[in-house]
Amino acid sequence: MTQGERRTPARRTVLGAAGATVLGASTALAAGTARADEQQAAGPARTPGRGYRSLPVPTVIGHRGAAGYRPEHTLGSYRHALDLGAHVVEQDLVPTRDGHLVCRHENDITGTTDVADHPEFASRKTTKTVDGTALTGWFTEDFTLAELKTLRAKERIPGTRQENTLYDGRWTVPTFEEVLRWAEEEGRRRGREIWLHVETKHPSYFRSLGLGLEEPLAKLLRRYGRHRANSPVFLQSFEPSSIQRLAKLVDAPGVVLLSGASSRPWDFVEAGDPRTVADLVTPEGLAWIASYARGIGPTLDLVIPKDANGRLGTPTTLVRDAHAEGLILHPYTHRNENAFLPADFRKGTDPTAYGDAFGALKRYLETGIDGIFSDNPDTALLAAADLAARD
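Note that the sequence shown covers residues 153 to 543 in this note's numbering.
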């Protein structure tokens, strides 16, 4: 793709996808996973894709699946995201002690599994420093895959999403290979490519333990035919060096994730690179990112900052500047609950109640972002349809 080129699909594409969600998409509970040996026997699909520029704009990315409705990073959450109409489903990857990649938002699994209820693992509780932060709990790198598979997933924020606790214990922690097999089977069943948005978590930390993420990830992508420039997968990381490393191994599009403006990527900290995220979102910083990546995933505050009272202010020039470098923008994260919304879109005083999610999404989508991560993909799709109807 020529640098600076940006193609926007017809709005009817967005409206059609959202309409299908409202009028007919199944929301049936996924009761479990298909047997891995049966999926392996079916073999991965090898149908060439059309590339990320063929996705609807704005693209709705199911954040950790459909985390607003199911415990995150489970096959049940991923499947529900597709049932709700999400265009892409996200996975976060961390390793086990024996080098398998599994889907967890963090290597600390204290809050997302029932590990604390397993007396046989009580002695594994420990304190570690990950990217400069001390954490106490249980960590994936201290478990073999076989041991990890004896655990069950549970809701990460039960105080906010009490209804999700209904599904506690229903699913295991999936490996990324299981997700690839699942995606191929879902693609055959649904008659379309299943897009994945795959993040390497704490890559420098794990490389220091001899558990580098990029090489086994690239190996799996090649095994399942998702290593090409037009494959239905994005590769993302908060560490630019991880995306640079992946760019040397596979041709799948990379996305650099960007946190708060004053923060520094952890690989920059370790390398003594003084640049902050504020430096990376300048035209010069974006040109550097565009030399090896196809997009950025900024926090929504980099698109529209909040004032001292937590209300949305004036949009920055980030969308315009990124598009000038040919980069797409997939900001994170939309959630429906008051606790996660800008102050001017909250309703009532209950932080767990839904606020004016559509009002907030309208402001964000009107900036021209190419997609958005959402815990509630059905809400984001309806907001996209509202935008299309006004154009």
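A virtual CB, placed ideally from N, CA and C, is assigned to each residue, including glycine.
- Taking all protein chains in view, the Cβ of A298 is surrounded by fewer than 16 other Cβ atoms within 10 Å, so the residue is classified as exposed.
- Here the C-alpha atom of R498 lies approximately 29 angstroms from the C-alpha atom of I480.
- The shortest CA-to-CA distance from R487 to any of P210, H215 and R205 is the one to H215.
- A check of alpha carbon separations from E329 across A491, R359 and H252 identifies H252 as the nearest.
- Segment contact: the region 346–358 against the region 276–286, three or more CB-CB distances shorter than 8 angstroms; contact assigned.
- Around the beta carbon of S229, 16 or more other beta carbons sit within 10 angstroms, so the residue counts as buried.
- Around the beta-carbon of P271, fewer than 16 other beta-carbon atoms lie within 10 Å, marking it exposed.
- Excluding five sequence positions before and after W418, the CB atoms of its chain that fall closer than 8 angstroms to its own CB belong to D283, G284, H354, S356, Y357, F390 and E391, given in chain order.
- Straight through space, the alpha carbons of R416 and E489 are spaced by roughly 29 angstroms.
- DSSP places L432 in no beta strand (DSSP E) but in the uninterrupted alpha helix (DSSP H) bounded by V429 to L432.
- Runs of the alpha helix (DSSP H) spanning 4 or more residues and lying entirely within the region 459–483 occur at 470–476, in chain order.
- Taken through DSSP and simplified to helix, strand or coil, I456 comes out as coil.
- For R222, the closest of E315, T265 and E436 by C-alpha to C-alpha distance is E315.
- Contact annotation: V267 and L245 have beta-carbon atoms that are not nearer than 9 angstroms.
- From the listed residues T226, Y516 and G311, the smallest Cα separation to T468 is found for Y516.
- Within the same chain, L245, V246, P247, T248, T292, L297, L300, V325, P326, T327 and F328 come within 8 angstroms of V254 by CB-CB distance, once the 5 residues on both sides are set aside.
- Residues of the same chain with a CB within less than 8 angstroms of the CB of E366, apart from the 5 flanking positions on each side, are T352, P355, S394, R397, L398 and L401 in chain order.
- If you compare the alpha carbons of L534, A305 and S275 with that of T226, the shortest gap goes to A305.
- Annotation: I524 is outside any alpha helix (DSSP H); the continuous beta strand (DSSP E) that includes it extends over G523 to S526.
- Judged by their CB atoms, P494 and K458 are nearer to each other than the 9 angstroms cut-off.
- Listed as beta-bridge partners of S389 by DSSP are V408.
- In terms of Cβ geometry, L464 and L410 do not form a close pair [threshold 9 angstroms].
- E242 is positioned such that its CB atom lies no closer than 9 angstroms to that of R308.
- Classified as exposed, G343 has fewer than 16 neighbouring CB atoms from the shown chains inside 10 Å of its CB.
- Taken in chain order, the complete alpha helix (DSSP H) segments of 4 residues or longer contained in the region 244–321 are 297–300.
- The Cβ-Cβ distance between P405 and R446 falls below 9 angstroms.
- By the beta-carbon neighbour count (other beta carbons within 10 angstroms, threshold 16), R341 is exposed.
- Here DSSP, grouped into helix, strand and coil, assigns G214 to strand.
- DSSP, read as helix, strand or coil, puts Y376 in coil.
- Under a 10 Å Cβ-count criterion, G500 is classified as exposed, with fewer than 16 other Cβ atoms of the shown protein chains found around its own Cβ.
- Between the alpha carbons of L387 and V350 lies a distance of about 5 angstroms.
- Taking C-beta atoms as the reference points, T312 and P529 fail to come closer than 9 angstroms.
- For I441, the enclosing alpha helix (DSSP H) stretches over residues P435 to A442.
- According to DSSP, V241 shares a beta bridge with G214 and L348.
- Around the beta-carbon of P435, fewer than 16 other beta-carbon atoms lie within 10 Å, marking it exposed.
- Annotation: A505 to G362 spans about 44 angstroms, alpha carbon to alpha carbon.
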